[in-house]
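In full-length UniProt numbering, the protein residues as written are 1 to 190. Note that the Cβ used here is the ideal one computed from N, Cα and C, for glycine as well.
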Amino acid sequence: MSSKVALVFDNGEYSVIVNDTVIYTNKKIDEAYKQFEKTIKNNAGVQDTSWESISDSAKSFQLEGLEVEDTYKNMSFRNLKYFHNTGKLFYTGKGEMFPLNGGYRLFSFILKIVANKQLEDPEALLEICVKAMNSGVNYRTTEFSFILTSPAFNYGNVEYNFYTKEMHKGTSRDMEGFETFKAYVLEIIK
1 MSSKVALVFD
11 NGEYSVIVND
21 TVIYTNKKID
31 EAYKQFEKTI
41 KNNAGVQDTS
51 WESISDSAKS
61 FQLEGLEVED
71 TYKNMSFRNL
81 KYFHNTGKLF
91 YTGKGEMFPL
101 NGGYRLFSFI
111 LKIVANKQLE
121 DPEALLEICV
131 KAMNSGVNYR
141 TTEFSFILTS
151 PAFNYGNVEY
161 NFYTKEMHKG
171 TSRDMEGFET
181 FKAYVLEIIK
């Protein structure tokens, strides 16, 4: 799934070529080189996992509202949009396109917890992700958990396990609902 990117000088013009298709032409080397670097960066996010594998996995959840677009290799579910060629995930609520960390891993995690009825509406989790991104708080997922990492939390992190419905605050594990976890996190990372 790798792309061949080239910067070619021909007939007095510089062209940026991706997989034998000219995508940009300019007579100035500076501008052509900037476009060349940008194209390399955009194509560097190509995923190791094949699109077919990812789209089959997403479709297996059989969720209403999941849209898989094979031509442009992207998927959307409610207010989430994932682009496979760049590996980027966006929250599209409130009329904006807000980039989220986590790419397909976060997208798949959300599909899984919604399909398993461990979270009815992913909007609450996405609200935490957006606030975390705006506050510089890191987050990640494991098989069953959503974890935030920041010095603002006791012992540097807080975790919610969707399987056991436990909130781990560093020194304690409490059987709490997700709404309690959300309130705790949002109070700290305001």
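Should residue i be labelled buried (16 or more other beta-carbon atoms within 10 Å of its own) or exposed?
i: residue 175; result: exposed
i: residue 9; result: exposed
i: residue 122; result: buried
i: residue 117; result: exposed
i: residue 200; result: Examination of residue 200 is not possible in this model, given that the chain is present from 1 through 190 alone.
i: residue 159; result: buried
i: residue 191; result: Residue 191 lies beyond the range of the chain shown here (1 to 190); nothing can be said about it.
i: residue 22; result: exposed
i: residue 29; result: exposed
Can you name the residues that DSSP bridges to residue i?
i: residue 6; result: 17
i: residue 76; result: 67 and 81
i: residue 105; result: BP columns for residue 105 are empty, so no partner.
i: residue 139; result: 148
Which of the three DSSP states is assigned to residue i in this structure?
i: residue 98; result: strand
i: residue 158; result: strand
i: residue 56; result: helix
i: residue 180; result: helix
i: residue 163; result: coil
i: residue 121; result: coil
i: residue 27; result: coil
Is any beta-carbon of chain B found at less than 9 Å from that of residue i?
i: residue 6; result: In the structure shown, chain B cannot be found, because there is only a single protein chain.
With a threshold of 6 Å on Cβ separation, who are the neighbours of residue i within its own chain once the five nearest residues in sequence on each side are excluded?
i: residue 13; result: 25 and 27
i: residue 34; result: none
Leaving out five residues on either side along the sequence, give the residues of the same chain with a beta carbon under 8 Å from the beta carbon of residue i.
i: residue 154; result: 169, 170 and 171
Is residue i near the ligand ATP, in the sense that its beta carbon is under 8 Å from a heavy atom of that ligand?
i: residue 50; result: Questions concerning the ligand ATP fall outside what the structure shown contains, since it holds no ligand whatsoever.
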